[in-house]
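Novice: Mind looking over this structure? Questions follow.
2 protein chains.
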Amino acid sequence: MVAVNRWSAQNSEGYEAPAGLAVDAVVLGVRGAELVALVTRRPEGACGLPGGFVGPAERPEETAARKLEEKTGLREVYLEQLGTFADPRRDPRGWIPTVAYLALVPVGTEPTDLEASWRRAQDPGPLAFDHAEILALARDRVAGKLWWSNVAVGILPGPFSLSEARAVYEAIAGTRYDPATFARDLRATGLIEPTGERRAGATGRPAALYRFRSWAPAWGAGRRKRVAGG
Amino acid sequence: MVAVNRWSAQNSEGYEAPAGLAVDAVVLGVRGAELVALVTRRPEGACGLPGGFVGPAERPEETAARKLEEKTGLREVYLEQLGTFADPRRDPRGWIPTVAYLALVPVGTEPTDLEASWRRAQDPGPLAFDHAEILALARDRVAGKLWWSNVAVGILPGPFSLSEARAVYEAIAGTRYDPATFARDLRATGLIEPTGERRAGATGRPAALYRFRSWAPAWGAGRRKRVAGG
DNA sequence: AGAGTTCTGGTCTGTGTGACAAGAACAGCG
DNA sequence: CGCTGTTCTTGTCACACAGACCAGAACTCT
Chain A
1380 MVAVNRWSAQ NSEGYEAPAG LAVDAVVLGV RGAELVALVT RRPEGACGLP
1430 GGFVGPAERP EETAARKLEE KTGLREVYLE QLGTFADPRR DPRGWIPTVA
1480 YLALVPVGTE PTDLEASWRR AQDPGPLAFD HAEILALARD RVAGKLWWSN
1530 VAVGILPGPF SLSEARAVYE AIAGTRYDPA TFARDLRATG LIEPTGERRA
1580 GATGRPAALY RFRSWAPAWG AGRRKRVAGG
Chain B
1380 MVAVNRWSAQ NSEGYEAPAG LAVDAVVLGV RGAELVALVT RRPEGACGLP
1430 GGFVGPAERP EETAARKLEE KTGLREVYLE QLGTFADPRR DPRGWIPTVA
1480 YLALVPVGTE PTDLEASWRR AQDPGPLAFD HAEILALARD RVAGKLWWSN
1530 VAVGILPGPF SLSEARAVYE AIAGTRYDPA TFARDLRATG LIEPTGERRA
1580 GATGRPAALY RFRSWAPAWG AGRRKRVAGG
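Residue numbers (the working numbering), protein chains in the order written: chain A, 1380 to 1609; chain B, 1380 to 1609.
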C-alpha cells in the first residue's frame, strides 16, 4: 500500500506499479512544402513532444486530445496510437511508461501555447527522453498509410484543390508527383468527391475543389500506389 | 506516497498512478490449414490471452518473452508490439493498462503449460476483458504484413518447401494462391533462398527446400502483393 | 488581345499480377 | 518394367495499373 520510493509505487497485491502513465503526441502538419512537428519547451529547458499524465479515470486518447487542445486550440483532430515506450530507464524521474499518439492538424494551424513551436519533422533538433525515436516512428507511419487511408483528411479538412492535396502528399512522402497522374490516382481511390465549386483568384486556370468523403478513418477501394522500394 | 485504495496508487508528485502494468501476448501459429491462437485458463475460470505483470526494472517485451517461455518453452520467438489497451474500466480489478504483443511460433509447437491450449484465431470463443479485441487486432496486423516482411519466419524457422510456405500464407491470409504464382512471387521478394536440398518420401515430385535469408525483421525488395480490396 | 500559368483530360508504354498450360520428378501398382 | 497418379516447376499470355507525356481548357496579368 505504500510507495517504496519516489520512483515507483506498489499496489495492494504486492506488485510494483509504475509511478504514472504518460502520453506523448507527435503533432504533424504541413508548412509550405515541409512536414513539420510540434515541440514544446519543457520545464527543465529541453524541448520535447507535447504530453502529460493520464488521469485515473481517463483513457489515454482522451488525455492526448486534452493536451492537444491546450497546445493548438483544436478539437476533433485525427488521433491514432503509435505505440508504447516503457523502458524503465526512459525517464530519469522514474518508471513512467508513455503511450505515443500521432495527430494530424490542418495546414495553417498555429500553436496557441507560447512554449510550443513548429520544427521540421526531419531534423527537429535534440529532443528530451526517447522523443526523437517516437517522432521517427510517426514519420514512417504516416508515410506508409498515405495512399491506403484517408489520414490526409486531418491535414486537409476543408475543400481543397488537387494541387493543394498534392503539396501535402509530396511533403509527407518526400517525393514529387506528376500533377495529372496524381489527380487521376487520388480520384481513383474513391476517398474524395468533388464539391462542384472552383477556386478562382489565383493565377492560372481555376481548380475544382474536392473534399474527403468521410472524416472517420477509412480505406480506399480503387487504385493504390506502391510504396517506394525499401 | 500512499495508495489511495485497492485500485490505484499515488506517487510522490501527487499524480495518480496505475495499479500495475500488464502485458498480454497473442501467440499465433498454424495447425493444418488454420491460424490458431494460444489461450490460457485464468484463475477465475475464464479463458484469456497469456500475460502477466511487468516488473519495475523490466521492459514489457522482456515480460512478454518470459511469459511466452513459460507457456510454450520457446525462446527467440518473433515478438512485435501491437498496441496498448488502457481503458480504466478494461480490468475489473483496477486501473491496469496492458501492452499487447504479437508472437509467432513454429508449426507444430505444443503448449507446455497444461492450462494453455490452441483455439482457432477466428472464433476463439469468449475471452476475458478486452482480449477478443486484442486478438482481432493481431489477426489484421499479421495479415497486413505477410507479404511485406519476413514475419512468416517465426512460423517457418527451418527449411521448408514452397508448398508448406503456401499453406501457412493461405491460413494467415484466409485466401488461396495459385501454386506456380505463389512460388514466383515469394522468390521474387528476395526474403528466401534455396538450401539446395530436396524433400523426398512423400508422393509426387520432391520439392526444393528454402529458408528465410534473415531471422531478424526484414523487408522484401522485389515484387509485393496488393492487399485484398477493403 | 496576347502571353503566361495552371488545371484537366487523353493517350501510350513498360511492368507487375493472376491464370493457365505443359514438362519434370517422384511413388505405387499391375 | 511401364503405366498412372500426384506434386513440383518452368514458361507463356492477357489484363490492369503506374508513370510519363501531350494538348487543350480556363483563368490572370500586362
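Cβ atoms here follow ideal geometry from the backbone N, Cα and C, with glycine treated the same way.
(1) The alpha helix (DSSP H) that contains residue 1528/B, what's its start and end?
(2) State the DSSP-derived secondary structure class of residue 1571/B, mapped to helix, strand or coil.
(3) Could you give the distance in angstroms between the alpha-carbon of residue 1407/A and the alpha-carbon of residue 1564/A?
(4) Identify each residue in the stretch 1421 to 1447 of chain A for which the Cβ-Cβ distance to at least one residue of chain B is less than 8 Å, and report them in chain order.
(5) Would you mind stating whether residue 1436/A and residue 1457/A have Cβ atoms separated by less than 8 Å?
(6) Would you verify that the beta carbon of residue 1476/B is, or is not, closer than 8 Å to some beta carbon of chain A?
(7) In whole angstroms, give me the CA-to-CA distance for residue 1410/B and residue 1580/B.
(8) Quick one: Cα of residue 1463/A to Cα of residue 1570/B, how far?
(9) Who are residue 1584/A's beta bridge partners in DSSP?
(10) Taking residue 1471/A as the query, report the chain B residues whose CB atoms sit under 8 Å from its CB, ordered along the chain.
(11) Determine contact between the stretch 1469 to 1477 of chain B and the stretch 1395 to 1403 of chain B, defined as no fewer than three beta-carbon pairs at a distance below 8 Å.
(12) Using the three-state DSSP reduction, which class does residue 1512/A fall into: helix, strand or coil?
(13) Where does residue 1412/B sit, in a helix, a strand or coil, going by DSSP?
(14) Terminal residues of the continuous beta strand (DSSP E) containing residue 1495/B?
(15) The beta strand (DSSP E) that contains residue 1479/B, what's its start and end?
(16) Does residue 1350/B pass the burial test, meaning 16 or more other C-beta atoms within 10 Å, or should it be called exposed?
(17) Can you tell me whether residue 1459/A is helix, strand or coil according to DSSP?
(18) Report the residue from 1455/A, 1528/A, 1521/A and 1502/A whose alpha carbon sits nearest the alpha carbon of residue 1552/A.
(19) In terms of alpha-carbon separation, which member of 1397/A, 1519/A and 1434/A lies closest to residue 1467/A?
(20) List the residues of chain A whose Cβ lies closer than 9 Å to the Cβ of residue 1463/B, in chain order.
(21) Quick check on the burial criterion: 16 or more other C-beta atoms within 10 angstroms. Buried or exposed for residue 1416/B?
(22) At a Cβ threshold of 8 Å, is residue 1571/A touching chain B?
(23) Leaving aside the five residues before and after residue 1514/B along the sequence, list all residues of the same chain whose C-beta is less than 8 Å from its C-beta, in chain order.
(24) Under the DSSP definition of a beta bridge, which residues are partnered with residue 1419/B?
Specialist: From the atom records:
(1) Element bounds for residue 1528/B: n/a, residue is neither H nor E.
(2) The three-state secondary structure of residue 1571/B, taken from DSSP, is strand.
(3) Their Cα atoms are separated by approximately 24 Å.
(4) Close to chain B, meaning a Cβ-Cβ distance shorter than 8 Å, are the following residues of the stretch 1421 to 1447 of chain A: 1432, 1433, 1434, 1435, 1436, 1437, 1438 and 1439.
(5) No, the Cβ-Cβ distance between residue 1436/A and residue 1457/A is not below 8 Å.
(6) Yes, contact with chain A.
(7) Straight-line spacing of the CA atoms in residue 1410/B and residue 1580/B works out to 22 Å.
(8) For residue 1463/A and residue 1570/B, the distance between alpha carbons rounds to 29 Å.
(9) Answer is none; residue 1584/A lacks a bridge partner.
(10) Those do not exist, as residue 1471/A stays about 14 Å from chain B at its closest Cβ, beyond 8 Å.
(11) Segment contact: the stretch 1469 to 1477 of chain B against the stretch 1395 to 1403 of chain B, three or more CB-CB distances shorter than 8 Å; contact assigned.
(12) Reduced to three states, the DSSP call for residue 1512/A is helix.
(13) In this structure, residue 1412/B counts as coil in the three-state DSSP scheme.
(14) That run of the beta strand (DSSP E) goes 1495 to 1499.
(15) Counting along the chain, the beta strand (DSSP E) containing residue 1479/B begins and ends at 1477 to 1483.
(16) Because chain B here runs from 1380 to 1609, residue 1350/B falls outside it and cannot be looked at.
(17) Strand.
(18) Checking every option, the nearest Cα to that of residue 1552/A belongs to 1521/A.
(19) Comparing Cα positions, the closest option is 1397/A.
(20) Neighbours of residue 1463/B on chain A, chain order: 1439, 1460, 1462, 1463, 1465, 1476 and 1478.
(21) Buried: at least 16 other Cβ atoms inside 10 Å.
(22) Taking Cβ atoms only, chain B never reaches closer than 8 Å to residue 1571/A, which makes this a no.
(23) Within the same chain, residue 1514/B has close Cβ partners 1405, 1416, 1428, 1500, 1503 and 1506.
(24) Paired residues: 1427/B and 1495/B.
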